[in-house]
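For the sequence shown, counting from 1, position 338 maps to 377 in our numbering; every step adds exactly one.
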Amino acid sequence: MAKKSQNENLHIANSAKKDEFYTQLSDIEKELKHYKGHFKDKVVFCNCDDPRVSNFFHYFSYNFENLGLKKLITTCYKSQNMDLFSEHISEKAIYLEYTGDKNGNKVPDPEEIGIQFLKGDGDFRNPESIELLKQADIVVTNPPFSLFREYVAQLVEYDKKFIIIGNVNSITYKDIFKLIKANKLWLGASIHSGDREFGVPDDYPLTAASSRIDEGGNKFIRVKGVRWFTNLDYNERHEDLILYKNYTPEAFPSYDNYNAINVDVTKDIPLDYEGDIGVPITFLDKYSPDQFEIIGLGISNSGIEFGVQPYKPEHKKYRKEIQKRGAVDGDLYMIKDGIVDVPYARIIIKNKRL
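Below you can see the structure in the form of structure tokens.
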């Protein structure tokens, strides 16, 4: 049987509910260096992390004084042992509190880490975990991809700052996109393309071609379309995207039933077009809220609404196909009940500079 491609790892995780991915320390360091000023005197909460393998716990505990943290809290799902260097043999969930180096060796020793058992299973939705969340200023972790919407909804409910990892397709979720459009959530600074490698538990099924086991027996997979999601500001998101192309009707066809032009590649956005522009969701990797306004989102079967022109009589020629899908310039784009339907997700934007 042929091996599965690396972007199928997420489908495996969702179906098996095995999406406990361990983020690499190098990826954490590359991202968090953009937010150093945000952490001073703050309580950081990593609520989806086993400290025995969590590089989030490693990063914050070893950089505690450098970042000027007030406290680090980590919750572990059940079956994590209180001995940080032992096997998964405990059936009780725990949480850890670290308030900095006490003996001067600049190492977070086990005796300096407050370890307490939880009554529940340590799930981020558990009341105990929520009480710890209330204490936190900033949440930093890699939540289960299959629960991403629910996880973000909780952070919004409790008005928390956060830096978390998710899949780029999460942009098209109705509740996530509303936050992006309202400038309450945006993509992070360091991952704009490609795939990333994650560690996985010992019992994770390695069925993808991109999987590997290192010399120590640790399992890893590569996952495409990974992004950081945050509501902490950083300097780079206010840098303008350099535009160099001029608009021509031939190069930028318009949608049949929505007054916007289609752009397939972000770098090709015309510098002199004043109207609405449809761009791929990866546009958000380069999005500056100072340069562009986000109007809405069009995606097949999404049910995401934004202001569009009403259905016109001339679209009757598409009657049979109108319930299926859409396209551009003679192909089919549909509109029904105020929703644009397109074969590929498109964010509708407008250039503020014009």
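Beta carbons are placed, not taken as given, at the ideal position from N, Cα and C, and that holds for glycine.
Check, Outcome
"Y134 vs T113 beta-carbon contact at 8 angstroms", "yes"
"Reference A384; option with closest CA among G233, P292, F216", "F216"
"Residues near V195 in its chain [Cβ-Cβ closer than 6 angstroms; skip 5 each side]", "none"
"Which listed residue (L336, K258, D89) has its alpha carbon closest to that of K213", "L336"
"Nearest-angstrom beta carbon gap, Y137 and S100 [assumed within contact, 8 angstroms]", "5 angstroms"
"Residues of its chain near S293, where Cβ-Cβ distance is below 6 angstroms and the 5 sequence neighbours each way are ignored", "I300"
"Residue environment, K391, which counts as buried when at least 16 other CB atoms sit within 10 Å", "exposed"
"Through-space distance from I210 to V262, alpha-carbon basis", "17 angstroms"
"Whether L245 touches I230 by CB criterion (8 angstroms)", "no"
"Residue from L186, D176, K220, N208 with nearest C-alpha to I202", "D176"
"Validate contact between the segment 68-86 and the segment 166-185 using beta carbons, cut 8 angstroms, 3 pairs", "yes"
"Within 8 angstroms, strictly: CB atoms of N206 and V146", "no"
"Cutoff 8 angstroms: G317 Cβ touching any chain D Cβ", "Annotation note: the requested chain D is absent from the structure, which comprises a single protein chain."
"Buried or exposed by the 16-neighbour rule on C-beta atoms within 10 Å, applied to Q193", "buried"
"Residue from Y297, T287, N298, P328 with nearest C-alpha to I308", "T287"
"Simplified DSSP state of K110, which is helix, strand or coil", "strand"
"Residues bridged to T180 (per DSSP)", "I203"
"Between the CA atoms of D303 and G317 - distance to the nearest angstrom", "8 angstroms"
"Bridge-paired residues (DSSP) for R235", "V262"
"Cβ neighbour criterion (16 or more within 10 Å) applied to D242", "exposed"
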